[in-house]
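**Student:** Chains as they are written, first to last, in my numbering: chain A, 699 to 845; chain B, 699 to 845.
Every residue gets a Cβ at the ideal spot worked out from N, C-alpha and C, and that includes glycine.
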DNA sequence: TTGCATCCTCTAGCCACTAGAGGATCAAGC
DNA sequence: GCTTGATCCTCTAGTGGCTAGAGGATGCAA
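#1: Are the beta-carbon atoms belonging to residue 726 of chain A and residue 764 of chain A less than 8 Å from one another?
#2: Do residue 730 of chain A and residue 739 of chain A come within 8 Å of each other at the CB atom, strictly closer than that value?
#3: Can a CB atom of chain A be found closer than 8 Å to the CB of residue 742 of chain B?
#4: Could you give the DSSP three-state label for residue 702 of chain B: helix, strand or coil?
#5: Closest to residue 802 of chain A by C-alpha separation, out of B:715, B:710, B:823, B:788, would be which residue?
#6: Mind listing which residues of the segment 786 to 806 of chain B have their C-beta closer than 8 Å to chain A's C-betas, in chain order?
#7: Quick one, are the C-beta atoms of residue 708 of chain B and residue 714 of chain B less than 8 Å apart?
#8: Could you name the residues that DSSP lists as bridge partners for residue 739 of chain B?
#9: Report the residue from B:814, B:824, B:807 whose alpha carbon sits nearest the alpha carbon of residue 766 of chain A.
#10: Does the beta carbon of residue 809 of chain B come closer than 8 Å to any beta carbon on chain A?
#11: Is the Cβ-Cβ distance between residue 757 of chain A and residue 806 of chain B less than 8 Å?
#12: Going straight from the alpha carbon of residue 710 of chain B to that of residue 791 of chain A, what length do you get?
#13: Residues of chain A with CB under 7 Å from residue 823 of chain B, in chain order?
#14: Quick check on this structure: which residue in B:717, B:716, B:745, B:734 has the alpha carbon closest to the alpha carbon of residue 702 of chain B?
#15: Take residue 733 of chain A and list the residues in its own chain whose beta-carbon comes closer than 6 Å to its own, dropping the five residues that flank it on each side.
#16: Closer than 8 Å by beta-carbon distance: list the chain B residues that pair up with residue 748 of chain A, in chain order.
#17: Between the alpha carbons of residue 828 of chain B and residue 712 of chain A, how many angstroms are there, rounded?
#18: Less than 8 Å between CB atoms is the rule here; does residue 754 of chain B satisfy it with respect to chain A?
#19: Tell me whether residue 719 of chain B is buried or exposed, calling it buried when 16 or more other Cβ atoms sit within 10 Å of its Cβ.
#20: With burial defined as no fewer than 16 other Cβ atoms inside 10 Å of the residue's Cβ, what is the status of residue 724 of chain B: buried or exposed?
#21: Please list the residues of the segment 754 to 773 of chain B that have a C-beta atom closer than 7 Å to any C-beta atom in chain A, keeping them in chain order.
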């Protein structure tokens with residue numbers, strides 16, 4: 699059980715120092731011990747917790763979902779039904795994002811293949827963007843997903 | 699050439715009133731004429747411009763890219779090379795998002811299919827999240843893309 | 001005239017960070 | 001002992017692309 703500085707924890711988990719402080723601020727990580735110099739001191743339990751958080755974020759879980767997952771993982775006697783639900787929801791969300799992006803991709807592909815060498819006045823890219831009727835299919839991807 | 703209120707423009711383009719004002723504020727839409735009551739008055743040119751913006755946003759173009767595209771479309775004598783470049787970049791970005799999400803999906807699929815009926819202490823979902831070594835492949839999707 | 005819809009401006013909130021100011025402390029080398 | 005540079009601290013503000021709400025003015029129909 700060795701003590702880690704915030705920098706060492708950051709290196710060990712590949713999570714930025716500022717992000718670690720942020721996670722503490724929003725309550726994903728507990729308030730750590732402090733040395734006499736006021737610096738944060740972490741143990742390996744926090745390292746595991748941060749690794750868990752990082753992994754869940756990489757899988758696209760929102761902070762609120764991670765909060766729930768952490769709470770579950772802190773109470774091993776609870777039913778894990780909620781964990782299953784959260785994971786299934788996340789899978790569905792990713793699926794829906796993928797299909798939206800694929801529709802988008804088709805549309806963009808058509809825009810790109812219309813590329814021209816001339817002036818804007820003849821430019822198919824601009825033209826296609828100007829006129830939605832050029833579109834083969836509806837594409838209503840919300841900005842947040844598409845960007 | 700009929701005059702439109704902001705509400706009418708919103709309805710015609712399916713863009714929210716507040717979003718229209720926001721686009722004006724960040725300079726995507728010009729400052730419109732104002733009636734004696736200080737209300738905004740739009741013409742059909744602005745309607746086209748807003749439709750253009752909306753379409754580009756649906757395709758995932760960032761506001762800065764849209765600014766450039768609009769400037770091109772305002773100057774039909776310019777070369778459209780830049781429009782081609784922007785479209786190609788956007789396609790590449792979407793492609794990369796799709797492949798990251800697909801990697802994610804595989805990972806999540808494994809998490810979900812590990813769903814159990816028992817207690818958290820036996821829960822594969824939590825366990826897989828706890829230990830990155832369970833992962834078949836690396837997945838480093840930045841949060842912004844994955845969420 | 002009443003009442004509701006629409007409009008106005010301005011400010012703050014969303015998410016998950018990220019960056020920077022302005023300063024304290026530490027560790028290594030001379 | 002002194003310098004130098006890395007690391008740490010807190011606090012505030014910025015990112016993108018909106019969205020929501022306060023607090024009020026105006027328009028329009030019954």
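**Tutor:** The relevant details are as follows:
#1: In the first chain, the residue the question calls residue 726 of chain A occupies position 28. In the first chain, the residue the question calls residue 764 of chain A occupies position 66. Contact flag set, yes.
#2: If you number the first chain from 1, residue 739 of chain A lands on position 41. If you number the first chain from 1, residue 730 of chain A lands on position 32. Yes, the Cβ-Cβ distance between residue 739 of chain A and residue 730 of chain A is below 8 Å.
#3: For the purposes of this step, residue 742 of chain B is taken as residue 44 along the second chain, with counting starting at 1. No, residue 742 of chain B does not count as interfacial toward chain A.
#4: Here residue 702 of chain B corresponds to residue number 4 of the second chain, with the count starting at 1. Strand.
#5: Sequence index remark: in the first chain, residue 802 of chain A carries index 104 (1-based). Among B:715, B:710, B:823, B:788, the Cα nearest to that of residue 802 of chain A is on B:788.
#6: 786, 788, 789, 792, 793, 795, 796, 799, 800, 802, 803, 805, 806
#7: In the second chain, counting from the first residue as 1, residue 708 of chain B sits at position 10. In the second chain, counting from the first residue as 1, residue 714 of chain B sits at position 16. Taking 8 Å as the Cβ cut-off, residue 708 of chain B and residue 714 of chain B qualify as a contacting pair.
#8: Within the second chain, the letter at position 41 stands for residue 739 of chain B. DSSP lists B:731 as partners of residue 739 of chain B.
#9: In the first chain, the residue the question calls residue 766 of chain A occupies position 68. For the residues B:814, B:824, B:807, the minimum Cα distance to residue 766 of chain A belongs to B:824.
#10: As a working mapping, residue 809 of chain B is identified with position 111 in the second chain. Closer than 8 Å to some Cβ of chain A, the Cβ of residue 809 of chain B qualifies, so yes.
#11: Reading the first chain from its first residue, position 59 is the one you call residue 757 of chain A. Reading the second chain from its first residue, position 108 is the one you call residue 806 of chain B. In contact: residue 757 of chain A and residue 806 of chain B (Cβ atoms closer than 8 Å).
#12: In the second chain, counting from the first residue as 1, residue 710 of chain B sits at position 12. In the first chain, counting from the first residue as 1, residue 791 of chain A sits at position 93. Taking the straight line from one Cα to the other gives about 30 Å.
#13: Taking the second chain and counting its residues from 1, one reaches residue 823 of chain B at position 125. Correct list: 778, 781, 782, 785.
#14: Taking the second chain and counting its residues from 1, the one referred to as residue 702 of chain B is at position 4. It is B:745.
#15: Against the first chain, residue 733 of chain A aligns to sequence position 35. Around residue 733 of chain A: 739.
#16: Stepping through the first chain from its first residue, residue 748 of chain A is reached at position 50. Neighbours of residue 748 of chain A on chain B: none; closest Cβ ~11 Å, over 8 Å.
#17: As a working note, residue 828 of chain B is residue 130 in the second chain. As a working note, residue 712 of chain A is residue 14 in the first chain. Taking the Cα positions, residue 828 of chain B is about 15 Å away from residue 712 of chain A.
#18: Numbered from its first residue, the second chain carries residue 754 of chain B at position 56. Answer yes: the Cβ-Cβ gap between residue 754 of chain B and chain A drops below 8 Å somewhere.
#19: Start at 1 with the first residue of the second chain, and residue 719 of chain B comes out as number 21. The residue is exposed, with fewer than 16 neighbouring Cβ atoms inside 10 Å.
#20: Walking along the second chain from the start, residue 724 of chain B turns up at place 26. In summary, residue 724 of chain B is exposed, with fewer than 16 beta-carbon neighbours lying within 10 Å of its beta-carbon over all protein chains present.
#21: If the cut-off is 7 Å between Cβ atoms, the segment 754 to 773 of chain B has 754, 755, 756, 757, 758, 760, 767, 770, 771, 773 near chain A.
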